[in-house]
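Enquirer: Heads up, the sequence shown is in my numbering, so the first residue is 144 and it goes up one at a time.
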Amino acid sequence: MLLAQLHLTLPVWAHELDLEGRDFAGDEAKVAFAIELSRRNVEARSGGPFGAVVFDGNDRVVSIGVNRVLPQSCSLAHAENMAYMLAQQRLQRSRLNDPSGHFLLATSSQPCCQCYGATFWAGVDRLLIGARSEDVMRLTEFDEGPLPADWVGELEKRGIEVVRDLQREEACAVLKAYGEHGGTFY
Numbered sequence: 144m145l146l147a148q149l150h151l152t153l154p155v156w157a158h159e160l161d162l163e164g165r166d167f168a169g170d171e172a173k174v175a176f177a178i179e180l181s182r183r184n185v186e187a188r189s190g191g192p193f194g195a196v197v198f199d200g201n202d203r204v205v206s207i208g209v210n211r212v213l214p215q216s217c218s219l220a221h222a223e224n225m226a227y228m229l230a231q232q233r234l235q236r237s238r239l240n241d242p243s244g245h246f247l248l249a250t251s252s253q254p255c256c257q258c259y260g261a262t263f264w265a266g267v268d269r270l271l272i273g274a275r276s277e278d279v280m281r282l283t284e285f286d287e288g289p290l291p292a293d294w295v296g297e298l299e300k301r302g303i304e305v306v307r308d309l310q311r312e313e314a315c316a317v318l319k320a321y322g323e324h325g326g327t328f329y
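Okay, here's the thing in structure tokens:
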């Protein structure tokens, strides 16, 4: 019998997050939260060192995502994809900013080639990035895959503003800690 349903989940600790009273105004605060999620994911041994958050135009969290590839046995369960899918399910539309609204993704690290592609169609207007892909590959054993030479320009052509190097040192610290443990937190 073929499987007819897919079930991906965030770790239990994600359901216990208290966002009451948190101030996510400003790009730095948004990326800091994505990095906080990546750190917590590593410390809880619930996935890889990546976190992502979809925010609406009023700085409210729509969804979060953390890397769940190994625990869920799914190569698509990257932090960005998890955040996109959960936001799309919550809002019941495949493009977040369609028909209207402004959404952004804050991510602890630059999207890999898979998440870069998903960003085209997710319906975000801005992409906020902590660590760069070269940081990820230098500090861990992850292969981020190929991107177009002008990947930022390609996103911007599609109306997605890209802001890089926000909280980069903090994001690199999480990657470094994960890499120094050989990525074996499972």
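Here a beta-carbon is modelled for each residue, glycine too, at the ideal position from N, C-alpha and C.
For residue 318, which three-state DSSP category applies?
Expert: Working through the sequence shown from its first residue, we reach residue 318 at position 175. Three-state DSSP puts residue 318 in a helix.
Enquirer: Which residue's Cα is closest to the Cα of residue 265: 209, 241, 315 and 286?
Expert: To locate residue 265, count along the sequence shown from 1; it is residue 122. Among 209, 241, 315 and 286, the Cα nearest to that of residue 265 belongs to 241.
Enquirer: If I measure Cβ to Cβ from residue 185 and keep anything under 8 Å in the same chain, skipping five residues before and after, which residues do I get?
Expert: Taking the first residue of the sequence shown as position 1, residue 185 is located at position 42. These residues qualify, in order along the chain: 191, 192, 317, 320, 321 and 328.
Enquirer: Report the option in 294, 281 and 286 whose CA atom is closest to the CA atom of residue 262.
Expert: Taking the sequence shown and counting its residues from 1, the one referred to as residue 262 is at position 119. Minimum Cα distance to residue 262 is reached at 294.
Enquirer: Rounded to the nearest angstrom, how far is the Cβ of residue 248 from that of residue 267, given a contact under 8 Å?
Expert: As a working mapping, residue 248 is identified with position 105 in the sequence shown. As a working mapping, residue 267 is identified with position 124 in the sequence shown. Yes, they are in contact, since the Cβ atoms of residue 248 and residue 267 sit about 5 Å apart, within 8 Å.
Enquirer: Does the separation of the CB atoms of residue 239 and residue 197 fall below 8 Å?
Expert: Position 96 of the sequence shown, counted from the start, is the residue given in the question as residue 239. Position 54 of the sequence shown, counted from the start, is the residue given in the question as residue 197. Result yes, Cβ atoms of residue 239 and residue 197 sit closer than 8 Å.
Enquirer: From residue 290 to residue 274, what distance separates their C-alpha atoms?
Expert: Here residue 290 refers to the residue found at position 147 when the sequence shown is read from its first residue. Here residue 274 refers to the residue found at position 131 when the sequence shown is read from its first residue. Cα to Cα, residue 290 sits roughly 16 Å from residue 274.
Enquirer: Starting from residue 252, follow the alpha helix (DSSP H) in both directions and report where the run begins and ends.
Expert: Sequence index remark: in the sequence shown, residue 252 carries index 109 (1-based). Looking at the DSSP string, residue 252 is not in any alpha helix (DSSP H); the run it does join, the beta strand (DSSP E), is 246–252.
Enquirer: Between the alpha carbons of residue 260 and residue 272, how many angstroms are there, rounded?
Expert: On the sequence shown, position 117 is the one that residue 260 refers to. On the sequence shown, position 129 is the one that residue 272 refers to. Those two C-alpha atoms are separated by around 15 Å.
Enquirer: Compare the Cα-Cα distances from residue 195 to each of 304, 232, 220 and 287 and report the closest residue.
Expert: On the sequence shown, position 52 is the one that residue 195 refers to. Closest by alpha carbon: 220.
Enquirer: I'd like the span of the beta strand (DSSP E) that includes residue 207, first residue to last.
Expert: Residue numbering aside, residue 207 sits at position 64 when the sequence shown is read from its first letter. Residue 207 -> beta strand (DSSP E) spans 204–209.
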